[in-house]
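A.B. asks: Got a structure here, written out as structure tokens. Questions coming.
Here it is in structure tokens:
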């Protein structure tokens, strides 16, 4: 199948200009192709574009020449239908904070509030806390950024409020995206990432059942998960095994959904400010890519998105299992 490509030019006002327009679909050559077209479905995934040299240490308004973007699904090239940027697809962002994190995280709340209020107009933000038993929603998705920022509260920082794992709350949050516009979507997860629900032996990134479910559901809902590691009641001791499991789980969740994971050693970062600044840049370069898939089943599909510009890095979900 012919590869349909876009040339992206990322400019100061965060506008995506398609240098080469979307090619018109060629006439079907035979009945087999016609059947494929009838059975095709549209799929939307989040992608982020950055320079390999500067990465996310650039500024939000810096110029990027992205080159020709193409997508493959299970190794076969697919047609890109649209690429929506900050200007035509406002971000829907959920901020999730694990309630038993170190009390040092309370010192970062003002920085998180500033991060929220500095988001572009039209961004929808929801705020929730991951607690024992359930997700505590402090603010449903709203375009009132001041209201969302004010919903942040002091952490419990106690084992009595500790969730068995953060991924049940992530799964609950992902369901809430289903009522939101099908565009640019993301979660900022501040957590130790450790899943102790089924014991330590099942807490590794490759064995956590709920982590795996969170990855698959985030991919299915087109949500990129960005994570910041902070120690909690189970990881405050600095146990290298537990911290490794937690950080590895956050890394897997972010990598496989098209997000980023941010760590600073094996403990709570001295400051979240550098991470939030980088995240602000990354989100400003996130796009909702919609393509045409000839697979109409629900089986997992491996995805690869690339640019013909060797200096550009495209981050994207590693795959998807459609609804």
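Residue numbers (the working numbering): 4 to 326. Quick reminder that beta carbons are idealized off the backbone N, C-alpha and C, glycines included. All values reported here derive from a predicted model rather than from experimental measurement.
If you run the structure through DSSP and keep just helix, strand and coil, what is residue 240?
C.D. replies: In the chain shown, residue 240 corresponds to position 237, counting from 1. Note: residue 240 maps to coil in three-state DSSP.
A.B. asks: Roughly how far, in whole angstroms, is the beta-carbon of residue 309 from the beta-carbon of residue 222, given that I think they are within contact range, below 8 Å?
C.D. replies: Here residue 309 corresponds to residue number 306 of the chain shown, with the count starting at 1. Here residue 222 corresponds to residue number 219 of the chain shown, with the count starting at 1. Contact doesn't hold; Cβ gap of about 18 Å is too wide.
A.B. asks: By DSSP, does residue 152 sit in helix, in strand, or in coil?
C.D. replies: In the chain shown, counting from the first residue as 1, residue 152 sits at position 149. In the structure shown, residue 152 sits in a helix (DSSP, three-state: H, G or I).
A.B. asks: Which residue marks the beginning of the alpha helix (DSSP H) containing residue 281, and which one marks its end?
C.D. replies: Looking up residue 281 in the chain shown gives position 278. Element bounds for residue 281: 276 to 287.
A.B. asks: Let's see if you can read the secondary structure: which residues bound the beta strand (DSSP E) around residue 97?
C.D. replies: As a first step, residue 97 must be located in the chain shown, where it is residue number 94. Looking at the DSSP string, the run of the beta strand (DSSP E) that includes residue 97 is 95 to 101.
A.B. asks: What are the start and end residues of the alpha helix (DSSP H) that includes residue 213?
C.D. replies: Indexing the chain shown from 1 puts residue 213 at position 210. Taken as a continuous stretch (DSSP letters only), the alpha helix (DSSP H) holding residue 213 covers 212 to 223.
A.B. asks: Rounded to the nearest angstrom, what separates residue 154 and residue 276 at their Cα positions?
C.D. replies: Start at 1 with the first residue of the chain shown, and residue 154 comes out as number 151. Start at 1 with the first residue of the chain shown, and residue 276 comes out as number 273. Near 19 Å, if we compare the C-alpha coordinates of residue 276 and residue 154.
A.B. asks: For residue 247, collect the residues of the same chain with a Cβ closer than 6 Å to its Cβ; drop the 5 residues on either side in sequence, then sort them by chain order.
C.D. replies: Walking along the chain shown from the start, residue 247 turns up at place 244. Cβ neighbours of residue 247 beyond the five flanking positions: none.
A.B. asks: Over what stretch of residues does the alpha helix (DSSP H) that includes residue 112 continue unbroken?
C.D. replies: As a first step, residue 112 must be located in the chain shown, where it is residue number 109. First-last of the alpha helix (DSSP H) with residue 112: 112 to 120.
A.B. asks: Compare the C-beta of residue 272 with all C-beta atoms of chain C and state if any pair is closer than 8 Å.
C.D. replies: Protein chain content of the structure displayed is limited to a single chain, and chain C is not contained in it.
A.B. asks: What first and last residue would you give for the beta strand (DSSP E) that runs through residue 307?
C.D. replies: As a first step, residue 307 is located in the chain shown; it is residue number 304 there, counting from the start. Note, residue 307: beta strand (DSSP E), 304 to 310.
A.B. asks: State the CB to CB distance for the pair residue 250 and residue 232, rounded to an integer number of angstroms; the pair is presumed to be in contact (CB under 8 Å).
C.D. replies: Along the chain shown, read from residue 1 onward, the residue named residue 250 stands at position 247. Along the chain shown, read from residue 1 onward, the residue named residue 232 stands at position 229. The pair is a contact, with the Cβ atoms about 5 Å apart (cut-off 8 Å).
A.B. asks: Would you tell me roughly how many angstroms separate the C-alpha atoms of residue 9 and residue 136, rounded to the nearest one?
C.D. replies: To locate residue 9, count along the chain shown from 1; it is residue 6. To locate residue 136, count along the chain shown from 1; it is residue 133. Unreliable positioning characterises residue 9 in this predicted model, as indicated by a pLDDT of 48, which lies under 50. A coordinate reading is not provided.
A.B. asks: For residue 70, does the three-state DSSP call read helix, strand or coil?
C.D. replies: Reading the chain shown from its first residue, position 67 is the one you call residue 70. Strand at residue 70.
A.B. asks: Let's test the definition: count the other Cβ atoms within 10 Å of the Cβ of residue 315 and tell me whether it reaches 16, buried, or not, exposed.
C.D. replies: By one-based count along the chain shown, residue 315 stands at place 312. Per the 10 Å Cβ criterion, buried.
A.B. asks: Between which residues of its own chain and residue 92 is the CB-CB distance below 6 Å, once the five residues before and five after are set aside?
C.D. replies: On the chain shown, position 89 is the one that residue 92 refers to. Only 186, 187, 291 meet the Cβ criterion.
A.B. asks: Could you name the residues of the same chain whose beta carbon sits closer than 7 Å to that of residue 176, not counting the 5 residues immediately before and after it, in chain order?
C.D. replies: The residue given as residue 176 occupies position 173 in the chain shown. The residues are 97, 99, 131, 138, 190.
A.B. asks: Please list, in chain order, all residues of the same chain as residue 184 whose beta carbon is under 7 Å from its beta carbon, the five residues on each side excluded.
C.D. replies: For the purposes of this step, residue 184 is taken as residue 181 along the chain shown, with counting starting at 1. Here the set comprises 95.
A.B. asks: Once you ignore the five residues that flank residue 322 on each side, which residues in its own chain have a CB closer than 7 Å to its CB?
C.D. replies: One-based indexing of the chain shown puts residue 322 at position 319. Excluding sequence neighbours, residue 322 sits near 222, 303, 304, 305, 306.
A.B. asks: Please classify residue 244: is it buried, with 16 or more other beta-carbons within 10 angstroms of its beta-carbon, or exposed?
C.D. replies: As a working mapping, residue 244 is identified with position 241 in the chain shown. With fewer than 16 other Cβ atoms within 10 Å, it is exposed.
A.B. asks: Can you give the beta carbon distance from residue 160 to residue 198, rounded, assuming they're within the 8 Å contact cut?
C.D. replies: By 1-based counting over the chain shown, the position of residue 160 is 157. By 1-based counting over the chain shown, the position of residue 198 is 195. At roughly 20 Å, the Cβ-Cβ gap does not stay under 8 Å, so residue 160 and residue 198 are not in contact.
A.B. asks: Let me confirm a value: residue 240 is counted as buried when at least 16 other C-beta atoms fall within 10 Å, else exposed. Which label applies?
C.D. replies: Translated into positions along the chain shown, residue 240 becomes position 237. Its Cβ having fewer than 16 others within 10 Å, residue 240 is exposed.
A.B. asks: By how many angstroms is the C-alpha of residue 117 removed from the C-alpha of residue 301?
C.D. replies: By 1-based counting over the chain shown, the position of residue 301 is 298. By 1-based counting over the chain shown, the position of residue 117 is 114. Approximately 40 Å, taken between the alpha carbons.
A.B. asks: Within 10 angstroms of its Cβ, does residue 235 collect 16 or more other Cβ (buried), or is it exposed?
C.D. replies: The sequence position of residue 235 within the chain shown is 232, counting from 1. That one is buried.
A.B. asks: So, helix, strand or coil for residue 141, using DSSP?
C.D. replies: By one-based count along the chain shown, residue 141 stands at place 138. Residue 141: strand per DSSP, three-state reduction.
A.B. asks: Classify residue 191 as helix, strand or coil using the three-state DSSP reduction.
C.D. replies: Against the chain shown, residue 191 aligns to sequence position 188. Residue state, collapsed to three classes: strand.
A.B. asks: Is DSSP giving residue 20 helix, strand or coil here?
C.D. replies: Here residue 20 refers to the residue found at position 17 when the chain shown is read from its first residue. Unreliable placement is indicated for residue 20, whose pLDDT of 37 sits below 50; the coordinate value is still reported in the next sentence. Reduced to three states, the DSSP call for residue 20 is strand.
A.B. asks: Could you work out which residue in 263, 287, 141 is closest to residue 157 when comparing CA atoms only?
C.D. replies: By one-based count along the chain shown, residue 157 stands at place 154. Considering only alpha carbons, the answer is 141.
A.B. asks: What number of angstroms, rounded off, separates the C-alpha of residue 181 from the C-alpha of residue 224?
C.D. replies: In the chain shown, the residue the question calls residue 181 occupies position 178. In the chain shown, the residue the question calls residue 224 occupies position 221. If I take the Cα positions, the gap works out to 7 Å.
A.B. asks: Looking only at its own chain, which residues have a Cβ that is under 6 Å from the Cβ of residue 51, when we skip the five neighbours before and after it?
C.D. replies: The residue you call residue 51 lines up with position 48 of the chain shown. Result list for residue 51: 285, 288, 289, 318, in chain order.
A.B. asks: Opposite residue 157 in the DSSP bridges: which residues?
C.D. replies: Locating residue 157 in the chain shown gives position 154, where the first residue counts as 1. BP columns for residue 157 are empty, so no partner.
A.B. asks: Looking at C-alpha atoms only, which residue of 81, 122, 164, 293 is the closest neighbour of residue 281?
C.D. replies: Position 278 of the chain shown, counted from the start, is the residue given in the question as residue 281. That would be 122, whose Cα lies nearest to the Cα of residue 281.
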